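Q:
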Amino acid sequence: MRNNITIKDVAKQAGVSISTVSRVINDSKPVTDEVKQRVLDVIKETGYIPNPLARSLVTKKSKLIGVVVPELSDSFVNEILNGIEEIAKMYDYDILLANTYSNREQELKSINLLRAKQVEGIVMISWKVEEEHINYIQNCGIPATYISKTARNYDIHTVSTSNKEATYDMTKYLVGKGHEKIAFIMTSEDDTVLEMERLSGYEDALSENNIKLDKTLIKNGGTTYEKGYESMKELLDDNIIPDAAFVTGDEAAIGAINAICDAGYKVPEDISVAGFNDVKIAKMYRPKLTTVYQPLYDMGAVAMRMVIKMINKEILEEKKIELPYRIVERESVIDRI
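In terms of my numbering, the sequence shown is residues 34 to 370.
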């Protein structure tokens, strides 16, 4: 079997014209079943692989979808990517991955690169989607869905969970376990819809249980282990010792656990810790992390399916999709009642 088989070779062996082979490959115009099978048999025998660029010029479809990610090594992103890739394969699409390292300029460059590669759609995962990104993608005429803590600020296609309700439920859960002095470490300093929703959920749960809001217990950090560690350390260094800490990101929550241990306290005996997302490390770390489960795989799968529907001009019943969450009880929260 030769590796440099061309469409001309296939046509010659099948006894048909090059245009007929093209029609079979691209399913662009009808051919008889007998001719179609003969061409397919030759393709199989020779190992011929159609040129994707040439094929896209005929079909006007690249079968490529661009995926923009803020940090490829982030566990939150990885679990979303698993869902994206599974649906892409199911619908015979390939993905082009652009890792931007959370750099705004790199995000814009990546969108431009994906456009040059003639992607049919884009799934954008970003810690902070800005109007400039949205306008650029829309001006390109490329269908797109967004997974981002700031995406809900805009009238775009998004996939998320009910953040206010999830935060409310976890705070209420901690109160129900006998905790009143609950530190709240948010994984963002941005005044976004998501962060306001989470803060509102936290405040509502305290208020409904007659617990006075103590703003010294609220910290703004980041999604990383280091930021969670730093935020918790700042509280303890200021001699603010909470009963529990609710950190809205699992890796940051694990950072907070280590800061607590390094300060001479125990988790959960002295301070309980809860996280958010339920990424893989939440199950692996000791103590295993009590957290809010977000269906990250499903978020990626739904976002990809939305893009494919838009590409195919199918009707989307919802523009902003919220997926269900649940509280996962493990070892990092103790019952003080």
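Don't be surprised by glycine CBs; every beta carbon is placed ideally from N, CA and C.
This one's a predicted model, so the numbers in the text were calculated from it and none came from an experiment.
Could you check whether Val72 and Gln46 sit closer than 7 Å to each other, using their CB atoms as the reference points?
A: no
Q: What is the DSSP secondary structure of Gly333, reduced to helix, strand or coil?
A: helix
Q: Are Ile158 and Val226 touching if we call contact CB-CB under 7 Å?
A: no
Q: Under three-state DSSP, which class holds Arg319?
A: Three-state DSSP puts Arg319 in coil, outside helix and strand.
Q: Taking only the alpha-carbon atoms, compute the straight-line gap between Ala277 and Met123 and give it to the nearest angstrom.
A: 44 Å
Q: Relative to the alpha-carbon of Val300, which residue among Thr281, Thr191, Ser240, Arg369 has its alpha-carbon at the smallest distance?
A: Arg369
Q: I'd like to know if the region 206-220 and the region 305-325 are in contact, where contact means that at least 3 CB-CB pairs between them fall below 8 Å.
A: Touching, per the Cβ criterion.
Q: Pick helix, strand or coil for Ala121, following the three-state DSSP scheme.
A: helix
Q: Taking just the CA atoms, how far does Ile167 sit from Gly154?
A: 13 Å
Q: For Val156 and Thr256, what's the separation of their Cα atoms in angstroms?
A: 21 Å
Q: Give the secondary structure of Asp237 by DSSP, where H, G and I count as helix, E and B as strand, and everything else as coil.
A: helix
Q: Here's a check: name, in chain order, each residue in its chain whose Cβ is nearer than 7 Å to the Cβ of Glu213, leaving out the five neighbours to either side.
A: Ile244, Asp276
Q: DSSP three-state call for Ser50: helix, strand or coil?
A: coil
Q: Is it buried or exposed for Gly80, if we count other Cβ within 10 angstroms and need 16 for buried?
A: Burial check for Gly80: the Cβ neighbour count within 10 Å stays below 16, so the residue is exposed.
Q: On the three-state DSSP scale, how would you describe Lys150?
A: coil
Q: Which ranges does the alpha helix (DSSP H) cover as unbroken runs of at least 4 residues, wholly within the region 204-283, from first to last along the chain?
A: 226-241, 258-270
Q: Just grab the DSSP bridge partners of Phe309 for me.
A: Val325
Q: Might you give, ordered along the chain, the residues of its own chain that have their beta carbon closer than 6 Å to the beta carbon of Gln139, omitting 5 neighbours on each side?
A: Thr133
Q: Output needed for Val49: all residues of its chain with C-beta closer than 8 Å, excluding positions within five of it in sequence on either side, in chain order.
A: Val68, Arg71, Val72
Q: With a threshold of 16 other CB atoms inside 10 Å of the CB of Lys252, please say whether the residue is buried or exposed.
A: buried
Q: List the endpoints of the continuous alpha helix (DSSP H) containing Asp66.
A: Asp66: member of the alpha helix (DSSP H) spanning 66-79, first to last residue.
Q: Please classify Asn196 as buried or exposed, where buried requires at least 16 other C-beta atoms within 10 Å of its C-beta.
A: buried
Q: Which two residues bound the contiguous beta strand (DSSP E) that contains Asn172?
A: Segment 164-173 is the alpha helix (DSSP H) holding Asn172; no beta strand (DSSP E) there.
Q: For Thr183, which three-state DSSP category applies?
A: coil
Q: According to DSSP, is Arg369 part of a helix, a strand, or is it coil?
A: coil
Q: Would you identify the three-state DSSP class for Lys353, choosing helix, strand or coil?
A: Correct three-state label for Lys353: strand.
Q: Which one of Glu78, Tyr298, Phe279, Ile293 has the shortest CA to CA distance from Thr323?
A: Phe279
Q: Alpha carbon to alpha carbon, how far is Glu241 from Gly99? Give it in angstroms, no decimals.
A: 45 Å
Q: Give a yes or no on whether 7 Å exceeds the smallest Cβ distance from Asn172 to chain C.
A: In the structure shown, chain C does not exist; there is a single protein chain.
Q: Please classify Leu105: does DSSP put it in a helix, a strand, or coil?
A: coil
Q: Would you mind giving the Cβ-Cβ distance between Tyr258 and Ile287, rounded to the nearest angstrom? I have them listed as a contact below 8 Å.
A: Contact check for Tyr258 and Ile287: beta-carbon distance about 6 Å, within the 8 Å limit, so the pair qualifies.
Q: Could you give the DSSP three-state label for Asp188: helix, strand or coil?
A: coil
Q: Could you name the residues of the same chain whose beta carbon sits closer than 6 Å to that of Leu269, not counting the 5 residues immediately before and after it, in chain order?
A: For Leu269, where only same-chain residues beyond five positions count, the Cβ hits under 6 Å are Ala296.
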